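Here the structure comes first, spelled out in structure tokens, and everything after it is commentary.
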Amino acid sequence: MASISPSNVSYGSHPFIFPSADVIFLSSNDVAFRVHKIILSLASEFFALMFTLPQPASASARSSTSDIRDIERAELDGLPLLRVPETSLVLENLFRYCYPIDDPVLNSLGKIGTTLQAAIKYDLREATKLLKERLVALVTADPLRVYAIACRYSLEDVATVAADNVLRSRTEVKYIGDMDHITAGAYYRLLHYHRNKGSIGKSWAFCKSVAVHSNRFNASDLQSAWYLPSDSSDPPTDALVCCVDSTRFKVHYTVLCLASSVLQKMFKALDETQAALGLPEDTSQRVVDITEDCFAGFVLICLCYGSDIEFDSIDKVAAALTLALNYGVKKAIRPLTRKLQSYVDAVPVQVYFIACQLGLTEVASEAAKMSLSSALEPLYYGTMEEVPAKAYHQLESYRRTCGQVATTAIDNYIKYHPTSFTSSSPSCGKEYATKSGTKPLLPCWCAAYSCDVHL
1 MASISPSNVS
11 YGSHPFIFPS
21 ADVIFLSSND
31 VAFRVHKIIL
41 SLASEFFALM
51 FTLPQPASAS
61 ARSSTSDIRD
71 IERAELDGLP
81 LLRVPETSLV
91 LENLFRYCYP
101 IDDPVLNSLG
111 KIGTTLQAAI
121 KYDLREATKL
131 LKERLVALVT
141 ADPLRVYAIA
151 CRYSLEDVAT
161 VAADNVLRSR
171 TEVKYIGDMD
181 HITAGAYYRL
191 LHYHRNKGSI
201 GKSWAFCKSV
211 AVHSNRFNAS
221 DLQSAWYLPS
231 DSSDPPTDAL
241 VCCVDSTRFK
251 VHYTVLCLAS
261 SVLQKMFKAL
271 DETQAALGLP
281 EDTSQRVVDI
291 TEDCFAGFVL
301 ICLCYGSDIE
311 FDSIDKVAAA
321 LTLALNYGVK
331 KAIRPLTRKL
341 QSYVDAVPVQ
351 VYFIACQLGL
361 TEVASEAAKM
371 SLSSALEPLY
381 YGTMEEVPAK
391 AYHQLESYRR
401 TCGQVATTAI
411 DNYIKYHPTS
421 FTSSSPSCGK
431 EYATKSGTKP
441 LLPCWCAAYS
451 CDVHL
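Using UniProt numbering, you'd call the opening residue of the sequence shown number 1 and step up by one each time.
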């Protein structure tokens, strides 16, 4: 185990400097805290498990346990040292909650949020409980920010209190910086709750949608799919793709490597591993594991072979496109993107969120433009749980800006051409309230551009 020089670190304050400590935590800004394993183990099952793991041989080694992978181990003052990504301020707050001393005084939502994040990460349940109480105590000061923090860490009870306070205090629901870390779905639910004055269903939840929205494949999607040839005239398969549910597909190594850059890297890594272990190269039956189930795995293979699969919904098109993008199947990306765009007239808002999720900027821009003629509320799609709230906010802002520009243009036109529309008596005419107070009869399409409509 590598050692760290004491000259490169500073030490925390009392009581985290006791000589009786048996482990040292080093913060991201190189402040060392001498603490006791038994105290941390009693406060957290995470620490109790971590202290039972064997010590790695070097400072660069990481635990194989995923929850502990951010912790680097070394040695300082003859004690095991654990380097963690949290700052010294956050660590001191955490350890104060663990030790029988005064709890930290946290009056800032920013400090509460960062400390809460670490408390949840390290499974400090008592600290998490106390920090939740601090959030609730400060909810009247900034209910929107408390709501964002609560949704970020899935604190449904705190999010409910914050949403109620937003409604009762008549706080304007607007996008704030802390909402960068919550989903578009959570942001939508606060807007919907506010606009409906709290009138919602019994199963309502702010942090996550209780409804199940799935775009996964199933057997019916594959009935007309192309299957790998198996007669004697076909070239023999020389590789296996193993799905997460243990389903295996016999495939042709060369076909998959040419079609998918990701599968090519996986096969290459397999060959390199075998060579490093001194094993003979086996080109007759390479095996790679993927994280998809059998249905998604089959669709992926069909995409690699250039097979045409008819998908009966936009959700399935989005799922196939996600596979193509994730596995680098370039020849499938363009046709599937065009297929997604074919839905833009019917469901522009849904296409917008799917495009945001997949990073398809041009498709998202097109969908945003097409959404101008329809209402944004109360539309909800499962994809909103996969994209940040900022995507919803940007669509709102775009629609509002377009509405303001169009409203000004229409008002100016009416001002100088007051009879051009009314004289023709359009069959779909509707009254349009102008800034001057008049209500001329205009074609229905004008309403789509009013700044106070469809937002």
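We put the beta carbon where it would ideally sit given N, CA and C, even for glycine.
Keep in mind the model is a prediction, meaning the values are calculated, not measured.
Two segments are said to touch when three or more pairs of C-beta atoms, one from each, lie closer than 8 Å; by this definition the stretch 354-364 touches the stretch 332-344. Per DSSP, the continuous beta strand (DSSP E) segment holding residue 24 begins and ends at 23-26.
In the DSSP assignment, residue 80 falls within the beta strand (DSSP E) that extends over 79-83. For the set 326, 261, 308, the Cα lying nearest the Cα of residue 292 is the one of 326. In the three-state DSSP reduction, residue 345 falls in the coil class, being neither helix nor strand. Under DSSP, residue 388 forms a beta bridge with 183.
Within the same chain, Cβ atoms closer than 6 Å to the Cβ of residue 332 are found at 303, 324, the five residues on either side in sequence being excluded. Here the alpha carbon of residue 190 sits roughly 8 Å from the alpha carbon of residue 173. Taken through DSSP and simplified to helix, strand or coil, residue 279 comes out as coil. It is roughly 19 Å from the alpha-carbon of residue 258 to the alpha-carbon of residue 322. Judged by DSSP in its simplified three-state form, residue 170 adopts coil rather than helix or strand. The stretch 349-379 is shown to contain whole alpha helix (DSSP H) runs of 4 or more residues at 361-370, in chain order.
The DSSP-derived three-state label of residue 51 is coil. Taken through DSSP and simplified to helix, strand or coil, residue 251 comes out as strand. The count of Cβ pairs closer than 8 Å, one atom from the stretch 120-131 and one from the stretch 38-46, reaches three, so the stretches are in contact.
The three-state secondary structure of residue 45, taken from DSSP, is helix. Assignment of residue 72 by DSSP, reduced to helix, strand and coil, places it in the strand class.
If you look at residue 239, you'll find it in the beta strand (DSSP E) that goes 239-242. The C-alpha of residue 271 is placed about 53 Å away from the C-alpha of residue 135. The alpha-carbon separation between residue 235 and residue 249 amounts to approximately 15 Å. With distances taken between CA atoms, residue 85 lies nearest to 27 out of 277, 380, 285, 27. Rounded to the nearest whole angstrom, the C-alpha separation of residue 314 and residue 396 is 23 Å.
Contact check for residue 182 against residue 148 passes: the beta carbons are separated by less than 7 Å. With respect to the C-alpha of residue 209, the residue from 98, 129, 385 having the closest C-alpha is 385. Around the C-beta of residue 38, fewer than 16 other C-beta atoms lie within 10 Å, and the residue is accordingly described as exposed.
Assignment of residue 313 by DSSP, reduced to helix, strand and coil, places it in the coil class. When the five nearest sequence neighbours on each side are left out, the beta carbons in the same chain lying within less than 7 Å of the beta carbon of residue 114 are those of 90, in order along the chain. The Cβ atoms of residue 320 and residue 299 sit closer than 7 Å to each other. Secondary structure note for residue 298: its alpha helix (DSSP H) is the uninterrupted segment 294-305. Going by C-alpha positions, residue 262 is about 11 Å away from residue 290. In the DSSP assignment, residue 137 falls within the alpha helix (DSSP H) that extends over 125-137. Contact annotation: residue 198 and residue 167 have beta-carbon atoms nearer than 7 Å. Scanning 310, 107, 306, 53 for the CA closest to the CA of residue 329 turns up 306.
When secondary structure is reduced to three states using DSSP, residue 289 falls in the strand class. C-alpha of residue 106 to C-alpha of residue 131: approximately 9 Å in a straight line. Here DSSP, grouped into helix, strand and coil, assigns residue 199 to coil.
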